[in-house]
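Notes to accompany the following structure.
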Amino acid sequence: MATDLVPAVHSLTLRVLIVDDEVSVRKVMAAVLAQLGLPCETAASGDEALHVLETHRIDAVISDLQMPGMSGMELLAKVKQIYPGTVFLMVTGVDDTRVGVQAMRQANIVLASLTRALHVKRLEQEVENYRHHLEEIVAEQTQQLREALHQIERSYDHTLEVLGAAIDLRDSPTAGHSRRVFLYSIEIAKAMGGLENQMRNIAMGAWLHDIGKLAIPDAILLKPGPLTDEERAIMQRHAQIGYDLVKGIPFLADAAEIIFAHHERCDGSGYPRGLKTAEIPVGARIFAVADTFDAMTSDRPYRRALPFEASREVIERGAGKQYDSQLAREFLSIPEETWEVIRRETAALQDFAFATASDIQALSKPVKSAG
Ligand SMILES: [Fe+2]
């Protein structure tokens, strides 16, 4: 029995408290346990035992049942209440038989019980270790998953960036338009405040707003003169086409709503659905201001870019009609320097965007000739 106990005791380094009013019993029990490699503390009474428990790490208490003052049962009740995880063994016997050889026998009986109790505790410890290990594995894999998702997100962003450049390239008179309205929209949304959770959707909606134009024939999209009614109707389909293209992509679902509504006007005169202010997603309302601002401050084949002030006046006049009046106010509060910085930065990036889009064009040539 003793041989079986030793490895368990060593592996767990459990500490035992012996509580007995008889000094001889305490000494013999402690000697037997020490011989088995089990470190012990001793206490002559229940009160002393509670003090030892307060100041030492104790895993098992072996207590006499009958003691002057606090009885073994009273001590048991307190230990279970204060230290519920502690193993408690009660020793019974008549005083004069618990010394000498009798005590040795008693100790061996106690050890048998202790072995069982320690075995249970060791199993609990193993379960706890296993649980802890599992938590570590889960934490590690969660981190790996997070990194993988971050990587995917970056890949999406790169793909979308190239797509935005491709849209701009098809509609060459508005080169860099997607990038500028994307940055303008973010700036207006920041000034508006309270849109932190929607910032990414607003940005993506602005960036891809004209994605449906990829399906519009060049003869209409690039026609130098005014469009006929029929051509205009075809051109206007780009809002619905863009929405249909993007709505099925879960992380772009909200951006798709902005794409769908990017030509709506607050007074209901826009297309394709003739929505009014509250029905138009805020991202699309922001875009409307950013889009007008960019159109007016960019060169066109038939005119040079207009000054910032002229475009500000147009938006001021259109507040409450074409544009959301609150958003127009926020836009007008943004200093001109902010827009100048964005225009300078996007102009510097222009060459890069064209290079990327040129690559796409080059790659698409064999496909066209094969078709
Ligand atoms: Fe558009």
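Numbering (this note's numbering), first residue to last: 246 to 616. Note that the Cβ used here is the ideal one computed from N, Cα and C, for glycine as well.
Query: Selected residue, minimal CA-CA separation from residue 517, among 524, 523 and 508; Result: 508
Query: Beta carbon of residue 486 nearer than 7 angstroms to that of residue 476; Result: no
Query: Residue 529 versus 480, 283, 452 and 315, residue with shortest Cα-Cα distance; Result: 452
Query: Burial state of residue 286, where buried means 16 or more other Cβ atoms lie within 10 Å; Result: buried
Query: Heavy atom of ligand 1 within 6 angstroms of residue 539 beta-carbon; Result: no
Query: Endpoints, beta strand (DSSP E) assigned at residue 309; Result: 305-309
Query: Spatial distance of residue 458 from residue 494 (CA atoms); Result: 18 angstroms
Query: Contact belief for residue 480 with residue 572 at Cβ below 8 angstroms, rounded distance in angstroms; Result: Rounded, the Cβ-Cβ distance is 26 angstroms, inconsistent with contact.
Query: Proximity test, residue 463 beta-carbon vs ligand 1 heavy atom, cut-off 6 angstroms; Result: no
Query: Residue environment, residue 263, which counts as buried when at least 16 other CB atoms sit within 10 Å; Result: buried
Query: With 16 other Cβ atoms within 10 Å as the buried cut-off, status of residue 549; Result: exposed
Query: As assigned by DSSP and simplified to three states, the class of residue 342; Result: Residue placement at residue 342 is flagged as unreliable, the pLDDT there being 47, under the threshold of 50; the coordinate-derived value follows with that caveat. It is helical.
Query: Helix, strand or coil at residue 521 according to DSSP, with G and I counted as helix; Result: strand
Query: Rounded C-alpha distance that separates residue 279 from residue 383; Result: 41 angstroms
Query: The region 438-447 / the region 386-402 touching (three or more Cβ pairs under 8 angstroms); Result: no
Query: Residue 473: first and last residue of the uninterrupted alpha helix (DSSP H) it sits in; Result: Looking at the DSSP string, residue 473 is not in any alpha helix (DSSP H), and its letter there is neither H nor E.
Query: Three-state secondary structure assigned by DSSP to residue 547; Result: coil
Query: 6 angstroms CB neighbourhood of residue 297 in its chain, flanking five on each side removed; Result: 262, 286 and 288
Query: Residues of its chain near residue 602, where Cβ-Cβ distance is below 8 angstroms and the 5 sequence neighbours each way are ignored; Result: A caution first: residue 602 carries a pLDDT of 42, below 50, which makes its placement in the model unreliable, though a value can still be read off. Counting only Cβ-Cβ distances below 8 angstroms, and skipping sequence neighbours, we find 407, 410, 411, 413 and 414.
Query: Rounded Cβ spacing between residue 538 and residue 503 (contact assumed at less than 8 angstroms); Result: With 8 angstroms as the limit, residue 538 and residue 503 do not qualify as a contact, their Cβ atoms being about 17 angstroms apart.
Query: Residue 344 versus residue 283: straight-line alpha-carbon distance, rounded; Result: Low confidence applies to residue 344: its pLDDT is 49, below 50, so where it sits in the model is not reliable, and the reading given next is rough at best. Cα-Cα distance, rounded: 20 angstroms.
Query: At least 3 beta-carbon pairs within less than 8 angstroms: the region 570-589 vs the region 423-435; Result: yes
Query: Three-state class that DSSP yields for residue 334 in the structure shown; Result: strand
Query: Outcome for residue 526 when other beta-carbon atoms lying within 10 angstroms are tallied against a minimum of 16; Result: buried
Query: beta-carbon residue 455 near ligand 1 non-hydrogen atom, thresh 6 angstroms; Result: yes
Query: For residue 262, three-class secondary structure by DSSP; Result: strand
Query: Cα-Cα separation, residue 488 to residue 497; Result: 10 angstroms
Query: Residue 511 beta carbon less than 7 angstroms from that of residue 455; Result: no
Query: Cβ pair residue 291, residue 274 closer than 7 angstroms; Result: no
Query: Simplified DSSP state of residue 568, which is helix, strand or coil; Result: strand
Query: DSSP state of residue 276 mapped onto helix, strand, coil; Result: helix
Query: Boundaries of the beta strand (DSSP E) in which residue 288 is found, first to last residue; Result: 285-288
Query: Other residues of its chain near residue 460: CB distance less than 6 angstroms, five sequence neighbours each side excluded; Result: 486
Query: Proximity of residue 309 and residue 336 at Cβ, strictly below 7 angstroms; Result: yes
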